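If you read the protein sequences in the order shown, they are chains F, D, U, W, E and Z.
Each residue of the first sequence is one higher than the one before, counting from 1 in the UniProt record's numbering.
Each residue of the second sequence is one higher than the one before, counting from 1 in the UniProt record's numbering.
Each residue of the third sequence is one higher than the one before, counting from 1 in the UniProt record's numbering.
Each residue of the fourth sequence is one higher than the one before, counting from 1 in the UniProt record's numbering.
Each residue of the fifth sequence is one higher than the one before, counting from 1 in the UniProt record's numbering.
Each residue of the sixth sequence is one higher than the one before, counting from 1 in the UniProt record's numbering.
We treat Cβ as the ideally placed atom computed from N, Cα and C, and that holds for glycine.
What you are looking at is a predicted structure, and each value in this text was computed from that prediction instead of being measured.
These notes are about the structure you will find just below.
Protein chains: 6
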Amino acid sequence: MTEANRTQTYPARPDGRSDDALRPTVFVRRYTKYAEGSVLVCAGDTKVICTASVEAGVPPFLRGRGEGWVTAEYGLLPRATGTRCDREAARGKQTGRTQEIQRLIGRSLRAVVDRKKLGEFTIKIDCDVIQADGGTRCASITGAWVALRDAVTGMLEKGDITEDPILAQVSAVSVGVSNGRPVLDLNYVEDSSSDTDMNVVMTSEGKFVEIQGTAEGVPFSEEELAALLALAKRGNLELARLQREALAAPL
Amino acid sequence: MTEANRTQTYPARPDGRSDDALRPTVFVRRYTKYAEGSVLVCAGDTKVICTASVEAGVPPFLRGRGEGWVTAEYGLLPRATGTRCDREAARGKQTGRTQEIQRLIGRSLRAVVDRKKLGEFTIKIDCDVIQADGGTRCASITGAWVALRDAVTGMLEKGDITEDPILAQVSAVSVGVSNGRPVLDLNYVEDSSSDTDMNVVMTSEGKFVEIQGTAEGVPFSEEELAALLALAKRGNLELARLQREALAAPL
Amino acid sequence: MTEANRTQTYPARPDGRSDDALRPTVFVRRYTKYAEGSVLVCAGDTKVICTASVEAGVPPFLRGRGEGWVTAEYGLLPRATGTRCDREAARGKQTGRTQEIQRLIGRSLRAVVDRKKLGEFTIKIDCDVIQADGGTRCASITGAWVALRDAVTGMLEKGDITEDPILAQVSAVSVGVSNGRPVLDLNYVEDSSSDTDMNVVMTSEGKFVEIQGTAEGVPFSEEELAALLALAKRGNLELARLQREALAAPL
Amino acid sequence: MTEANRTQTYPARPDGRSDDALRPTVFVRRYTKYAEGSVLVCAGDTKVICTASVEAGVPPFLRGRGEGWVTAEYGLLPRATGTRCDREAARGKQTGRTQEIQRLIGRSLRAVVDRKKLGEFTIKIDCDVIQADGGTRCASITGAWVALRDAVTGMLEKGDITEDPILAQVSAVSVGVSNGRPVLDLNYVEDSSSDTDMNVVMTSEGKFVEIQGTAEGVPFSEEELAALLALAKRGNLELARLQREALAAPL
Amino acid sequence: MTEANRTQTYPARPDGRSDDALRPTVFVRRYTKYAEGSVLVCAGDTKVICTASVEAGVPPFLRGRGEGWVTAEYGLLPRATGTRCDREAARGKQTGRTQEIQRLIGRSLRAVVDRKKLGEFTIKIDCDVIQADGGTRCASITGAWVALRDAVTGMLEKGDITEDPILAQVSAVSVGVSNGRPVLDLNYVEDSSSDTDMNVVMTSEGKFVEIQGTAEGVPFSEEELAALLALAKRGNLELARLQREALAAPL
Amino acid sequence: MTEANRTQTYPARPDGRSDDALRPTVFVRRYTKYAEGSVLVCAGDTKVICTASVEAGVPPFLRGRGEGWVTAEYGLLPRATGTRCDREAARGKQTGRTQEIQRLIGRSLRAVVDRKKLGEFTIKIDCDVIQADGGTRCASITGAWVALRDAVTGMLEKGDITEDPILAQVSAVSVGVSNGRPVLDLNYVEDSSSDTDMNVVMTSEGKFVEIQGTAEGVPFSEEELAALLALAKRGNLELARLQREALAAPL
């Protein structure tokens with residue numbers, strides 16, 4: 001996708017980005033003071049607080065194996081969205097969507113952690129969306145990895161563990177077909193009107209961890225799939241670079 | 001994947017199938033007597049009762065638009081599995097896995113339905129697994145489509161609707177990397193030990209409706225992804241053929 | 001009740017049976033492959049999958065006493081009935097009716113088990129109705145006993161236990177006053193219109209385990225009660241014979 | 001059962017009653033001031049507050065039919081029993097036992113109400129046990145009928161309805177086999193050690209409304225059943241007399 | 001507030017009391033037979049059963065510290081009020097109001113208990129309102145203390161503990177501004193129309209344990225606050241005297 | 001409390017403040033982009049996002065009266081605290097503490113709103129604590145009022161309403177006895193060790209809206225109460241000034 005594309009007659013993206021451009025993505029580390037890792041991630045107007053809490057011990061199904069556990073929970077402040085949505089705590093249960101997302105975040109992080117090296121510790125990731133403008137699950141994964149990295153670095157410094165259990169970076173980005181064109185990192189307006197929506201989780205080595213693609217209305221062809229996967233790879237490699245930059249900055 | 005592969009030294013699949021072979025898949029239509037569509041689908045030892053219930057009216061968010069709705073619920077009998085799992089009704093809530101699966105089934109079916117032509121009717125699909133040997137969500141989708149087809153045919157015959165709202169067939173199959181080789185339609189033993197697990201939902205025209213791929217442990221490469229997608233396409237086209245065969249048989 | 005009765009002017013029963021006839025009742029053993037006991041019981045169009053799952057250990061209130069436990073759960077597939085009923089797992093709780101039935105099944109089976117001889121094992125019975133045409137709780141008990149028998153025989157063969165803890169057969173049948181006449185084993189149509197409905201659980205020795213009689217509308221007299229109990233005894237002795245026949249068949 | 005029996009060598013009942021004697025049973029009408037009917041019923045040390053609340057309107061399933069509804073709820077104060085039991089409101093759900101009992105109370109009262117004559121009113125009965133010494137469900141039914149009677153009399157006096165919808169009295173009593181002898185109206189100690197426990201709900205005309213008999217351990221014979229039913233009839237006729245006496249007293 | 005006030009032209013209180021008069025308040029000890037302490041407290045038409053249940057052991061967060069625990073639960077019978085309110089057990093959760101009240105009762109009692117002297121015992125207080133005419137939370141605290149006193153005296157007599165852990169009496173009363181005048185111990189009618197409502201929990205030594213004041217509509221001034229606190233002190237000292245009188249009576 | 005006090009031998013407060021000093025308190029308006037009012041309030045290290053969402057219509061109990069409604073919900077991100085607390089949405093219910101706080105916030109705001117002038121609109125306040133260092137309920141009220149003010153100003157500008165329904169400012173602050181001295185605006189460390197804790201909600205005119213005082217351990221005297229109320233008044237008047245300053249700044 002070259003600069004030329006944007007000067008064609010295609011309608012511009014709502015925020016003027018080129019089809020293969022990420023939204024401005026920023027990581028604010030040590031965003032809150034108590035968590036072992038705490039990151040505010042902003043992907044355009046999507047803003048998520050990601051914290052990593054380290055606790056000694058593991059869930060019952062893992063006890064005595066000398067392995068650790070990484071798990072995640074996800075939430076949306078009621079007015080993170082254009083119309084207020086019900087508070088899940090007040091409704092008394094998490095929606096299917098919430099559970100699906102938090103399972104995805106947990107799996108994605110575990111895919112880049114050597115749980116043997118983590119020892120019998122549990123790291124709980126909380127991703128709380130304070131403003132939602134599309135792509136909250138992807139931003140959660142990308143930000144959560146930075147929080148996890150900070151928490152694990154702290155464990156190494158304190159001597160809780162001796163070997164680094166993190167095998168690679170992991171990040172996620174959405175791609176979709178909007179106005180008939182494959183585009184990267186859709187915001188809410190694009191997402192709502194796209195025909196296909198795909199979330200792609202990749203390692204910093206360019207390998208796939210998760211692919212979740214859904215035809216919203218119109219099933220998609222093998223060619224469209226290939227174009228989307230290429231965009232996703234490009235986006236994830238850029239996100240991995242931004243994660244490294246954020247971590248290189250002094251705290 | 002040619003015949004030659006199977007004669008090599010690779011370890012055979014647990015049930016002796018070739019890497020690109022589906023399990024024997026059978027549809028028993030009119031399996032129960034009350035539902036407008038009722039199908040027992042058996043994919044090897046995985047057995048799912050799929051019913052389609054037609055109800056006048058639509059959920060509140062659709063009222064007055066002249067469109068219909070298709071939704072799904074999924075359940076597992078407690079002893080459908082090797083070890084008894086808790087009954088969700090007794091636990092008081094559906095697991096995240098259950099909700100994820102039923103949302104997938106619903107989306108997959110809606111992708112091949114023109115809801116305008118369905119009018120203000122709701123079709124509720126129930127997929128209840130009575131024996132689980134891997135691939136229950138895929139078998140559910142594949143069987144549910146046949147139940148939906150029977151229910152919609154009934155609506156057309158009764159005159160509830162005048163135009164067929166079903167746009168295409170839809171089916172699903174799992175693919176994965178097992179013992180280092182991409183294989184089609186994994187049973188439970190293969191699924192438990194596979195490195196990558198992907199569920200692919202396709203239309204009978206070979207287009208993608210959903211792709212859900214997860215690296216269980218080891219992230220996967222673009223090459224592996226391509227091989228898996230090819231297998232999935234082959235499997236889904238075969239399933240579509242079997243669906244047509246089942247429907248061609250007299251009731 | 002003689003043959004002559006049926007030739008009188010009384011309206012025939014909906015399915016043409018004599019007043020004292022059971023519906024055709026069939027047991028399919030080893031219906032599913034994982035459970036230690038697994039039986040599909042069909043009483044006319046009522047079809048219930050009954051599984052018996054053997055687990056080491058007992059609930060907390062029994063620990064350390066050297067006794068076992070037998071308990072039951074009951075469910076109805078959403079479209080087992082003429083009109084789809086809500087899935088209890090989705091509603092988040094079991095209805096009072098469901099709980100009442102599963103408590104009845106559990107008590108009925110425990111009445112014929114010597115829990116000392118069972119040792120510290122728990123047998124969980126699951127009765128899942130896939131098609132409901134009246135009498136589901138009775139069919140569940142009758143079928144569950146066969147599943148229990150198969151599971152316990154397996155325990156004896158494996159050497160988990162050394163003495164047979166099953167003291168007698170147990171079965172259940174409904175009786176009621178329909179069109180002014182006492183009848184045996186009511187189907188859904190008869191049950192809906194009957195004045196009195198009674199479920200009688202008996203041992204193969206003709207003793208009572210449970211009697212649950214309800215006047216639906218019109219209280220009943222001592223004479224009617226006596227007639228109903230006689231029919232129930234006749235039905236249960238026949239069911240006990242059918243249970244023995246099913247168990248005598250090779251698996 | 002004659003006086004002679006009691007002078008034999010049989011062990012006396014814990015409270016010295018003859019086998020066919022009720023516990024002292026008292027009804028305190030207008031026990032609380034707000035409810036349309038409000039009765040404290042004491043059967044020995046079992047004490048239940050029964051209130052009848054009249055509300056205009058009926059549940060959705062009855063709307064527009066011109067019929068009324070009678071329903072019941074049951075609860076046990078946490079320390080109504082020897083050992084404190086958990087508060088159901090705090091646990092977040094009613095036990096199966098509670099639901100079974102409240103369904104029984106509701107059915108028993110509806111059996112003696114002509115719901116057409118009640119018009120579109122709902123009467124909600126609340127039975128709250130403040131002290132439990134066996135037989136709480138039976139005392140609830142017997143007391144609830146008196147509260148219902150007072151509430152309905154009030155409706156007739158106010159002109160809400162013009163014809164009395166109450167067809168008969170209804171009461172309930174437990175019978176059981178204790179120390180090998182059939183006995184009437186078991187208290188907690190007897191109930192805990194009895195082999196058979198039966199709750200019998202009857203009208204003042206001596207007809208049966210509900211029979212719920214359970215073999216606790218040893219299945220029972222037809223002879224035992226006959227003896228128990230005779231005792232229950234005697235007890236219920238006596239309870240009906242006591243209800244009439246209570247209602248005859250000025251308020 | 002002098003006698004003169006009451007002879008002025010101000011509208012009398014609904015029940016004719018002077019502004020600084022408590023409702024008639026009575027304690028019935030040993031109201032039920034099982035609980036270690038059991039008191040029916042009547043404050044005018046407000047009637048609450050307060051029981052104290054002694055259990056060995058403490059909740060997990062206190063284990064091994066050698067301290068005891070005192071906690072409380074609160075409930076309202078459905079028809080304790082003018083209009084029937086839903087049963088919390090049936091709704092499946094306690095309202096915010098209920099939880100707020102039971103937390104208040106627990107804190108108030110713990111404020112006068114030396115938990116070290118109580119040893120590793122838990123005392124559970126249940127306050128169940130059988131008739132509500134305003135001030136139920138205050139009557140609950142006042143009555144609960146008497147039940148606690150009886151239960152603790154029993155523990156001392158049995159030798160469960162050797163030193164009295166109760167440091168002082170505690171009681172509670174409501175005050176409010178009604179018809180523009182500060183009044184003591186509001187009944188339901190006064191409470192519903194008052195501008196300010198304050199519940200004041202005090203020890204028998206005239207010290208404050210809890211103050212919960214709420215402006216219902218019109219915020220209140222420092223002067224009004226002073227007048228209300230003076231009334232509350234007067235009422236609580238009188239309640240403490242009545243508690244002592246009740247305890248002085250032989251059981 | 002004069003400057004002299006702080007130079008005495010009393011131990012300094014943990015953060016060096018004088019006993020009568022507020023923590024630095026900051027309001028960030030338009031903190032998120034969707035809500036009609038959105039304020040981040042920071043009181044020292046306590047940080048709360050307060051949003052006000054305007055919705056047409058009122059709850060059922062108010063319909064047709066021409067009045068509006070203001071209500072509040074409160075939540076704590078799981079790692080807002082030193083030790084991670086369970087997510088309420090995952091636990092399936094809100095704690096008693098949460099419900100108590102959100103009821104307090106709602107009442108406090110309604111006390112300064114003329115609901116007639118609000119018309120049939122509902123304003124929902126969400127207070128979500130992202131970092132908790134004591135005083136979260138007070139900061140929530142103080143911040144929520146600013147969000148409410150912004151939302152109502154917006155309604156006036158849009159013409160939804162014509163008269164300003166806000167009657168006064170409202171704010172809240174905690175006071176307590178720490179190390180034997182009355183202090184203002186306790187942080188978490190002080191709060192945990194204080195003997196008395198009081199939350200005081202006041203209007204900008206110096207009137208009381210709510211007083212919630214609790215003796216944590218040692219009951220408090222009238223003199224201590226007077227000192228605490230004086231501090232609370234001072235703090236609230238300062239908070240009201242800060243609210244006005246924040247609102248005077250251009251957005």
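Proximal residues of chain U, C-beta to C-beta of residue i below 8 angstroms
i             : result
K93 (chain W) : K93
Within-8 angstroms CB hit, residue i to chain E
i              : result
P78 (chain W)  : yes
E238 (chain Z) : no
P165 (chain Z) : no
For residue i, the residue or residues it bridges with in DSSP
i                     : result
Q212 (chain F)        : F:N199, D:Q212
W145 (chain Z)        : Its beta-bridge partners do not exist; DSSP assigns none.
S174 (chain F)        : F:N199
residue 317 (chain Z) : The structure shown has nothing for residue 317 (chain Z), since chain Z only spans 1 to 251.
Partner residues on chain D for residue i, Cβ-Cβ distance less than 8 angstroms
i              : result
R103 (chain U) : Ordered by position in chain D, no residue passes the 8 angstroms Cβ test against R103 (chain U), which lies about 12 angstroms from the chain.
A215 (chain F) : A111, K207, F208, V209, E210
Short CB-CB distance (under 8 angstroms) between residue i and chain W
i             : result
Y34 (chain E) : yes
For residue i, three-class secondary structure by DSSP
i              : result
T25 (chain D)  : strand
Q94 (chain Z)  : coil
A72 (chain E)  : strand
I49 (chain F)  : strand
S38 (chain Z)  : strand
P219 (chain Z) : coil
L184 (chain W) : strand
Contacts of residue i in chain W (Cβ-Cβ under 9 angstroms)
i              : result
L225 (chain U) : F208, I211, L229
Contacts of residue i in chain U (Cβ-Cβ under 9 angstroms)
i             : result
E84 (chain D) : One point to set straight first is that residue 84 (chain D) is Arg, not Glu, in the sequence displayed. Chain U residues near R84 (chain D): Y34, A35, T51, S53, E55, K124, D126.
T81 (chain D) : Y34
Min CB distance residue i to chain F below 8 angstroms
i             : result
P59 (chain D) : no
P14 (chain D) : no
Contact list for residue i against chain E, beta-carbon separation under 8 angstroms
i              : result
Q131 (chain W) : T32, K33, Y34
Interface partners of residue i on chain F, CB under 8 angstroms
i              : result
R107 (chain Z) : None at all; the shortest Cβ gap to chain F is about 17 angstroms.
D45 (chain Z)  : K33
Proximal residues of chain E, C-beta to C-beta of residue i below 7 angstroms
i             : result
G75 (chain W) : R87, A89
Neighbouring residues, chain Z, relative to residue i (Cβ below 9 angstroms)
i              : result
T142 (chain E) : In chain order: nothing, as chain Z lies at least about 16 angstroms away.
Determine contact between the stretch 37-45 of chain Z and the stretch 138-146 of chain Z, defined as no fewer than three beta-carbon pairs at a distance below 8 angstroms.
Touching, per the Cβ criterion.
Assess, as a yes-or-no matter, whether the stretch 101-108 of chain Z is touched by the stretch 91-107 of chain W under the definition of 3 or more beta carbon pairs within less than 8 angstroms.
No, they do not touch.
The stretch 50-70 of chain Z in contact with the stretch 60-71 of chain F per 3-pair CB rule at 8 angstroms
In this structure the stretch 50-70 of chain Z does not touch the stretch 60-71 of chain F; the number of beta carbon pairs closer than 8 angstroms is below three.
For the stretch 87-102 of chain D and the stretch 146-156 of chain D, state whether three or more C-beta atom pairs, one from each stretch, are separated by less than 8 angstroms.
Verdict: no, contact absent.
Are the stretch 169-183 of chain F and the stretch 191-211 of chain F touching by the rule of at least three beta carbon pairs closer than 8 angstroms?
Flag = yes, the stretch 169-183 of chain F and the stretch 191-211 of chain F touch.
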